[in-house]
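Worksheet for the structure shown next.
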Amino acid sequence: MNEPLNQSPETKRWGHLSQFSDADSLLAAVKALRDDGYEQIEAFTPFPLEGLSEQLHLPRTPMPLIILIGGLLGGSSIYALEYWVNLSAYPLNIGGRPLHSWPSFIPPAFEGVVLGAAIFGVYGLLWVCGLPRLNHPVFEIEEFQRASVDGFFLAIEATEDPSPPENLESRLQELGATGVWEVPDV
Amino acid sequence: MTDQNTLDELVPAEATYASVTEDVSDVVFSSQKQRHWWVGFLIGLILLNVLLTAIGWLLVEGIGVWGINIPVGWGLAIVHFVWWIGIGHAGTLISAILLLFHQNWRTSINRFAEAMTLFAVACAGLFPLLHLGRPKFFYWLVPYPATTGVWPQFRSPLMWDFFAVSTYGTVSLLFWYLGMVPDLATMRDRSNSRWGSRIFGLLALGWRNSARHWHHYQKTYLILAGIATPLVVSVHTTVSWDFSVGIVSAWHSTVFPPYFVAGAIFGGFAMVLLIAIPLRRIYHLEHMVTLKHLDNMSKVMLVAGLFVSYGYLMDAYAAWLKNEPFDSYIYTNRFSGPYGLLYWALVICNCVIPQALWFPRVRRHTLALFGIAIAISIGMWLERFIIISLSLHRDYLPSDWAMYYPTKWDWLLYLGTFGMFLTLLMLFIRTLPAISMSEMRELVHESNEEQS
Chain C
1 MNEPLNQSPE
11 TKRWGHLSQF
21 SDADSLLAAV
31 KALRDDGYEQ
41 IEAFTPFPLE
51 GLSEQLHLPR
61 TPMPLIILIG
71 GLLGGSSIYA
81 LEYWVNLSAY
91 PLNIGGRPLH
101 SWPSFIPPAF
111 EGVVLGAAIF
121 GVYGLLWVCG
131 LPRLNHPVFE
141 IEEFQRASVD
151 GFFLAIEATE
161 DPSPPENLES
171 RLQELGATGV
181 WEVPDV
Chain W
187 MTDQNTLDEL
197 VPAEATYASV
207 TEDVSDVVFS
217 SQKQRHWWVG
227 FLIGLILLNV
237 LLTAIGWLLV
247 EGIGVWGINI
257 PVGWGLAIVH
267 FVWWIGIGHA
277 GTLISAILLL
287 FHQNWRTSIN
297 RFAEAMTLFA
307 VACAGLFPLL
317 HLGRPKFFYW
327 LVPYPATTGV
337 WPQFRSPLMW
347 DFFAVSTYGT
357 VSLLFWYLGM
367 VPDLATMRDR
377 SNSRWGSRIF
387 GLLALGWRNS
397 ARHWHHYQKT
407 YLILAGIATP
417 LVVSVHTTVS
427 WDFSVGIVSA
437 WHSTVFPPYF
447 VAGAIFGGFA
457 MVLLIAIPLR
467 RIYHLEHMVT
477 LKHLDNMSKV
487 MLVAGLFVSY
497 GYLMDAYAAW
507 LKNEPFDSYI
517 YTNRFSGPYG
527 LLYWALVICN
537 CVIPQALWFP
547 RVRRHTLALF
557 GIAIAISIGM
567 WLERFIIISL
577 SLHRDYLPSD
587 WAMYYPTKWD
597 WLLYLGTFGM
607 FLTLLMLFIR
617 TLPAISMSEM
627 RELVHESNEE
637 QS
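Just so you know, the protein sequences line up as chains C and W, in that order.
Numbered per the working numbering, the first sequence spans residues 1 to 186.
Numbered per the working numbering, the second sequence spans residues 187 to 638.
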């Protein structure tokens with residue numbers, strides 16, 4: 001299954017990509033490579049695979065914090081706006097109600113919380129993931145298109161790879177990879 | 187839903203990651219089976235032109251072309267606003283609340299239910315804008331530093347409504363798009379045409395199914411679902427405040443928020459069924475949107491219907507309890523007044539007919555379900571008409587009493603919004619994956635795990 005490496009020798013190597021037949025063998029391979037001492041393993045799965053984050057020892061995601069900040073910012077800014085409009089910019093006496101009639105300021109402030117949280121959530125996610133980006137070295141490999149259908153892939157960047165590439169390739173094959181490719185750096 | 191055998195009913199045993207992906211993406215990529223689509227799209231376009239005509243004439247003549255006048259200042263336009271926005275709520279309910287409760291039967295219906303939400307909110311938003319009379323000044327609702335020095339009045343529920351509906355539209359769009367990013371990557375990878383893969387590639391934002399990205403993505407999606415849940419409740423609550431905060435006798439009631447929310451779910455699920463039943467038939471998706479899905483949706487409808495019936499009872503009970511001659515009169519006028527027939531039609535559509543859903547055979551009979559869903563949609567329309575317009579046509583002074591008759595422009599505008607809805611829905615079905623492929627693959631994975 002090993003593809004002939006048709007890159008010219010001067011092309012810089014980004015790393016190695018390998019494909020596994022199913023979720024279980026991918027998980028096993030990740031675990032084995034972690035034991036071998038590879039720190040920065042990247043896996044690609046067609047759906048969020050349960051247990052993979054733990055095997056990759058991914059740090060806790062900052063997303064809840066980002067969303068919390070967005071929600072607090074959104075809510076407090078709408079409330080502050082209402083306070084300022086009603087008390088200083090345009091005070092209106094509506095049936096003798098107090099200018100700072102806070103219960104009626106709650107509904108718009110609540111919508112502000114939701115809006116702020118959602119916007120920070122979506123844009124924060126893109127920022128944390130380093131998206132959008134137009135290209136990535138792994139897309140150079142034709143077979144990688146299966147990653148969004150039924151392919152389970154694993155990538156190890158060259159910078160993380162202390163041993164000569166041949167060792168890694170044979171190790172990946174040993175772990176049951178159905179295909180191993182060297183990914184050029186683009 | 188967590189018992190052993192349910193996954194078999196949601197996804198066939200022979201389904202693989204590739205087969206579910208192909209089944210969904212082929213609806214977009216295949217050049218076959220176009221006739222139904224063209225018929226639907228053409229009807230949509232014709233009705234869309236009806237909409238443009240109705241709006242055009244309204245802008246030329248003003249809202250005098252509608253049947254509204256004092257005392258009935260809120261007519262069909264407000265009825266239709268509430269009707270459409272209520273329909274939207276089922277989409278958020280399916281995608282957010284059912285996700286939080288780990289109901290994996292939501293998987294194959296959430297995407298188009300969310301699309302339905304977006305399009306329904308777009309239709310709903312038209313009505314209050316046009317009802318302003320001077321739609322070109324709609325931006326006065328936005329709190330911005332104007333040279334006039336005038337600011338919006340934040341104590342008014344109408345202002346809250348503006349915030350609620352615009353937030354709802356924005357968050358629904360973000361949630362829908364975020365959920366679709368992995369599927370857009372699949373479409374990019376499966377597209378055979380150069381332009382197809384470029385356009386889907388741009389829309390997919392460079393998504394590469396990396397475990398790191400899934401790690402952040404899943405958490406974000408779950409939290410957004412968590413905040414969309416109170417949002418959907420808040421939106422229809424705010425819509426009900428438009429009425430119940432006012433001093434119109436039949437509106438001034440605390441039962442409004444819960445029974446408006448239940449009514450929204452009721453009418454919304456009916457619309458999901460009205461879309462799902464033909465969709466699964468025409469595109470042969472019966473193995474993904476299964477009878478089990480229809481069965482579960484029917485159960486939600488049944489429960490929401492009981493809530494709504496309870497709301498009608500409590501409404502009448504509150505009027506009786508107040509022991510106020512005018513309040514009692516308003517309610518007896520509903521049953522036996524000039525619009526009495528509509529009230530009994532409402533009772534039949536919303537309280538009687540849905541009781542058929544107690545029978546499992548009815549819940550799994552697509553034609554019967556389709557009929558019941560139509561009855562519920564009509565019933566929910568009648569409910570809004572009775573609450574909104576009927577409550578206004580009788581005031582404290584009999585000299586103010588008047589009948590309200592919608593004009594043809596009221597009806598054409600309503601018909602036209604169906605055109606907008608249908609056109610957008612048809613474009614969505616043919617250009618974007620109507621079922622979440624990544625979640626279907628996850629379901630296949632869970633089903634495989636369960637079997638082994």
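For glycine and all other residues, C-beta sits at the position ideal for the given N, C-alpha and C.
Exposure of residue i, with buried meaning 16 or more beta-carbon neighbours within 10 Å
| i | result |
| --- | --- |
| Glu142(C) | exposed |
| Thr440(W) | exposed |
| Arg380(W) | exposed |
| Leu599(W) | buried |
| Gly151(C) | buried |
| Thr334(W) | exposed |
| Ala301(W) | buried |
| Lys12(C) | exposed |
| Ala332(W) | exposed |
| Ser88(C) | exposed |
| Gly259(W) | exposed |
| Gln19(C) | buried |
| Ile413(W) | buried |
Residue i (DSSP reduced to helix, strand or coil)
| i | result |
| --- | --- |
| Ile156(C) | strand |
| Gly226(W) | helix |
| Gln541(W) | helix |
| Trp14(C) | strand |
| Phe446(W) | helix |
| Ser396(W) | strand |
| Phe20(C) | strand |
| Pro98(C) | coil |
| Asn93(C) | coil |
| Pro137(C) | helix |
| Gln173(C) | helix |
| His402(W) | helix |
| Met589(W) | coil |
| Ser426(W) | helix |
| Ser205(W) | helix |
| Gly242(W) | helix |
| Ala436(W) | coil |
| Glu200(W) | coil |
| Val85(C) | helix |
| Ala32(C) | helix |
| Ala282(W) | helix |
Close-in-space but distant-in-sequence residues of the same chain around residue i (CB under 6 Å, 5 per side omitted)
| i | result |
| --- | --- |
| Met500(W) | Val441 |
| Phe521(W) | Tyr529 |
| Pro443(W) | Thr423, Ser426 |
| Ala109(C) | Gly75, Ile78, Tyr79 |
| Phe607(W) | Phe305, Cys309 |
| Phe455(W) | Ala276, Met483, Val486, Met487 |
Own chain partners of residue i with C-beta closer than 7 Å, once the 5 adjacent residues on each side are dropped
| i | result |
| --- | --- |
| Leu304(W) | Ser358, Leu359, Trp362 |
| Asn482(W) | Trp291 |
| Ala448(W) | Ala490, Phe493, Val494, Gly497 |
| Asn296(W) | Ile280, Ser281, Ser622 |
Contact set for residue i: own chain, Cβ-Cβ below 8 Å, skip 5 residues either direction
| i | result |
| --- | --- |
| Ile106(C) | none |
| Leu480(W) | Leu459, Ala462, Ile463, Arg549, Arg550, Thr552, Leu555 |
| Ile573(W) | Phe429, Ala436, Trp437 |
| Glu137(C) | Checking the sequence shown, residue 137(C) turns out to be Pro, not Glu. So the qualifying residues of the chain are Trp14, Gly15, Val183, Pro184, Asp185, Val186. |
| Phe144(C) | Leu17, Phe44, Val138, Gly151, Phe153 |
Extent of the continuous alpha helix (DSSP H) run through residue i
| i | result |
| --- | --- |
| Trp362(W) | 343 to 376 |
| Val149(C) | Segment: none, Val149(C) is in no alpha helix (DSSP H) and carries neither H nor E. |
| Val251(W) | No alpha helix (DSSP H) holds Val251(W); DSSP gives it neither H nor E. |
| Lys322(W) | First-last for Lys322(W): undefined, no H or E at that position. |
| Gln637(W) | 623 to 637 |
| Ile119(C) | 106 to 129 |
| Tyr600(W) | 594 to 617 |
| Gly382(W) | 380 to 389 |
| Leu262(W) | 262 to 278 |
Start-to-end residues for the beta strand (DSSP E) that takes in residue i
| i | result |
| --- | --- |
| Ser184(C) | The question names Ser, but residue 184(C) is Pro in the sequence shown. Run containing Pro184(C): 179 to 184, per the beta strand (DSSP E) assignment. |
Which runs of the alpha helix (DSSP H) spanning at least 4 residues fall entirely within the segment 41 to 73 of chain C, listed in chain order? Qualifying alpha helix (DSSP H) stretches, in chain order: 52 to 55.
List, from N- to C-terminal side, the alpha helix (DSSP H) runs of 4 residues or more that fit wholly inside the segment 515 to 586 of chain W. Listed in chain order, the complete alpha helix (DSSP H) runs (minimum 4 residues) inside the segment 515 to 586 of chain W are 526 to 532, 546 to 549, 552 to 571.
Entirely within the segment 462 to 526 of chain W and at least 4 residues each: give me those alpha helix (DSSP H) ranges in chain order. As for any alpha helix (DSSP H) of minimum length 4 sitting wholly inside the segment 462 to 526 of chain W, the runs are 477 to 508, 511 to 522, ordered along the chain.
Contiguous alpha helix (DSSP H) assignments of at least 4 residues, all confined to the segment 285 to 335 of chain W: Within the segment 285 to 335 of chain W, the complete alpha helix (DSSP H) segments of 4 residues or longer fall at 296 to 317, listed in chain order.
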